[in-house]
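Using the working numbering, you'd call the opening residue of the sequence shown number 186 and step up by one each time.
What follows is a set of notes on a single structure, which appears directly below.
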Amino acid sequence: MNTMLTQLPVLTKTAVLAVVPLLLTLAVIQVLIKPARRIGLVDRPGGRKEHDGEIPLIGGLGMAIALILSVQLAEPQTLIGLNVLGGIALLVVVGVLDDFLDIRAKTKLLVQAIAAMLIVLPSGVYITHVGDILGIGNISLGPLALPFTVFAVVGLINAVNMADGADGLAAGLTSTTVVWFIACALVVGNQSMALDLVILLAVTVGFLCYNMRTPLRHKAAVFMGDAGSMMLGALLAWFAIQLPHSSTALPPPPPFAILWMLGLPVLDTVVLMIRRMLQGRSPFSAGRDHMHHIWMHAGFSPGETTLLLMLLNALIGLVGFAGWRSGVPEWALALGYVGLFAIQASITQHAWVVSKWLKRHHCARTPQ
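So, in structure tokens, the structure goes:
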């Protein structure tokens with residue numbers, strides 16, 4: 186099958202690597218739903234959890250199985266090696282155990298760091314610089330490159346995990362970022378990376394078919410759990426690290442263009458972590474002050490909130506992609522990102538006021 190696939194035209198191969206992972210994800214999740222209910226791998230309402238009924242927590246496991254099988258189909262062109270699959274497998278196993286046993290935050294953080302090193306070290310590709318943000322050439326990280334890269338991977342794992350607060354949100358935000366990453370890979374002519382990203386997008390869309398609210402389904406059929414959110418965060422981080430090294434012919438996207446494309450999860454998480462530390466709280470402590478909470482407090486449904494934030498995330502990513510392609514200086518992209526960060530911090534600081542303003546305008550547009 187692999188040999189046959191390598192001989193197919195590019196468009197046909199892309200179609201196969203989009204359809205097969207999608208169908209695999211749909212099938213695997215469907216198969217896992219009943220066993221999950223039997224063994225109690227479900228999310229029960231209570232506390233901060235406001236959903237109705239017991240929802241199977243197997244979306245992440247289903248996505249991981251479908252992704253691993255699909256990557257084998259893409260051989261030998263895939264860039265996703267055994268080290269990446271091993272790191273993902275570790276995160277998924279611990280994520281499933283966490284959904285069962287509620288593992289301590291420090292233990293999860295240690296596992297995330299181990300998984301990050303497993304993903305990063307064998308490749309030898311690190312975040313070596315932060316770009317030409319001062320107009321004097323790339324600012325090198327030198328010996329800090331490896332620890333900074335591991336820190337960045339762990340940070341993005343937690344950013345996607347914290348974004349998993351409304352049906353379809355973490356997967357939806359991931360999918361918009363992946364679309365921009367696919368565009369980058371195509372521009373620089375890295376077909377293998379583009380195909381890997383298509384697989385990730387297809388797997389994510391397959392999960393959204395079960396998780397995202399639609400007019401035909403008013404609640405999620407499954408949740409991704411920590412297994413899914415940590416896996417998506419790790420994969421986004423790996424591709425983000427690879428992108429600046431993805432081309433030898435054309436200038437690849439610089440670090441701050443990639444930060445723009447990563448969008449809301451990074452902005453929201455960094456702002457909230459800083460805010461919580463300034464308040465003397467753990468940066469990983471739970472709260473109801475995330476971006477999606479502001480919209481839902483304003484009266485938007487979880488489905489509306491997810492769609493609106495996906496659109497906003499896509500627009501933020503567009504700035505990074507268009508800035509890179511149009512030759513905007515890296516210092517300007519960095520300065521713009523600092524401005525965006527300040528806006529996000531202000532929104533979070535005045536969340537109640539912003540929520541009331543959104544509610545007033547939302548109610549004015551909603552038929553009574």
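Beta carbons are placed, not taken as given, at the ideal position from N, Cα and C, and that holds for glycine.
(message) What does the Cβ neighbour count give for VAL201, buried or exposed, with the cut at 16 atoms within 10 Å?
(response) Using a 10 angstroms sphere on the CB of VAL201, the tally of other CB atoms reaches 16 or more, which defines it as buried.
(request) Compare the beta carbon distance of SER312 and ALA419 with 8 Å and say whether it is the shorter of the two. (result) Residue identity check: residue 312 is Ile in the sequence provided, not Ser. No, the pair does not count as a contact, with Cβ atoms beyond the cut-off.
(message) For a test of the three-state rule: what should DSSP assign to ASP474, helix, strand or coil?
(response) Secondary structure of ASP474 (DSSP, three-state): coil.
(message) In this structure, how does DSSP classify VAL277 when only helix, strand and coil are distinguished?
(response) DSSP, reduced to helix, strand and coil, places VAL277 within a helical segment of the structure shown.
(message) Suppose the cutoff is 6 Å on Cβ atoms and the five residues either side in sequence are ignored; what does the same chain contact list for ALA536 look like?
(response) The residues are ASP474 and ILE479.
(request) Please work out which residues of its chain come closer than 7 Å, Cβ to Cβ, to SER540, disregarding the five sequence neighbours upstream and downstream, and give them in chain order. (result) So the list reads ILE479, HIS482 and ALA483, once near-sequence residues are dropped.
(request) Sort MET415, ILE459, LEU447 and LEU417 by Cα distance to LEU428 and report the nearest one. (result) It is LEU447.
(request) Check whether the region 267-280 touches the region 430-446, taking contact to mean three or more Cβ pairs, one atom from each stretch, closer than 8 Å. (result) Touching, no, given that fewer than three Cβ pairs across the two stretches are closer than 8 Å.
(message) Quick check: what's the CA-CA separation for GLY232 versus PRO261?
(response) Residue placement at GLY232 cannot be trusted, given a pLDDT of 49 that sits under 50; what the coordinates show is reported in the next sentence. Roughly 47 Å between the two C-alpha positions.
(request) May I ask which residues mark the beginning and end of the alpha helix (DSSP H) holding GLN464? (result) Premise fails: GLN464 is in no alpha helix (DSSP H) and is neither H nor E.
(request) Just mark LEU295 as buried or exposed, buried being the case when its beta carbon has 16 or more other beta carbons within 10 Å. (result) Under this definition LEU295 is an exposed residue.
(message) Is the beta carbon of GLY357 closer than 8 Å to that of THR491?
(response) Their beta carbons are under 8 Å apart, which means THR491 touches GLY357 by this criterion.
(message) For a test of the three-state rule: what should DSSP assign to GLY232, helix, strand or coil?
(response) Only weak support exists for where GLY232 lies, its pLDDT of 49 falling under 50; the value from the coordinates is given anyway. Three-state DSSP puts GLY232 in coil, outside helix and strand.
(message) Judging by CA-CA distance, which residue of LEU496, PRO332, VAL451 and ALA259 is the nearest neighbour of GLY309?
(response) Distances from the CA of GLY309 to each of LEU496, PRO332, VAL451 and ALA259 were compared; the closest alpha carbon is that of PRO332.
(request) Output yes or no for whether 8 Å exceeds the beta carbon distance between PHE412 and LEU246. (result) Checking the displayed sequence, the identity of residue 412 turns out to be Ala instead of Phe. Annotated as proximal: ALA412 and LEU246, with beta-carbon spacing under 8 Å.
(request) Give a yes or no on contact between the region 209-226 and the region 381-400, applying the rule of three or more CB pairs nearer than 8 Å. (result) Under the three-pair Cβ rule at 8 Å, the region 209-226 counts as touching the region 381-400.
(request) Rounded to whole angstroms, what's the CA-CA distance from THR359 to GLY465? Just pull it up for me. (result) When only Cα atoms are considered, THR359 and GLY465 end up about 30 Å apart.
(request) Alpha carbon to alpha carbon, how far is VAL538 from ARG545? Give it in angstroms, no decimals. (result) When rounded, the distance between both Cα atoms is 11 Å.
(message) Taking 8 Å as the limit between beta carbons, can you name the residues of its chain near SER432, skipping five residues before and five after?
(response) Counting only Cβ-Cβ distances below 8 Å, and skipping sequence neighbours, we find VAL373, GLY374 and ASN375.
(message) Three Cβ pairs or more, each shorter than 8 Å: is that satisfied between the region 318-329 and the region 514-521?
(response) Output reads yes: the region 514-521 touches the region 318-329.
(request) Could you give the DSSP three-state label for VAL310: helix, strand or coil? (result) It is coil, neither helix nor strand.
(message) Less than 8 Å between the beta carbons of ILE528 and LEU449, yes or no?
(response) LEU449 sits away from ILE528, with the two beta carbons spaced by 8 Å or more.
(request) For my contact list, LYS293 and ASP284 are in at a C-beta cut-off of 8 Å; report their separation, rounded to the angstrom. (result) About 12 Å; that fails the 8 Å criterion.
(message) In whole angstroms, give me the CA-to-CA distance for LEU326 and GLY316.
(response) The alpha-carbon atoms of LEU326 and GLY316 are separated by roughly 10 Å.
(request) Alpha carbon to alpha carbon, how far is LEU463 from SER486? Give it in angstroms, no decimals. (result) C-alpha separation (whole angstroms): 31 Å.
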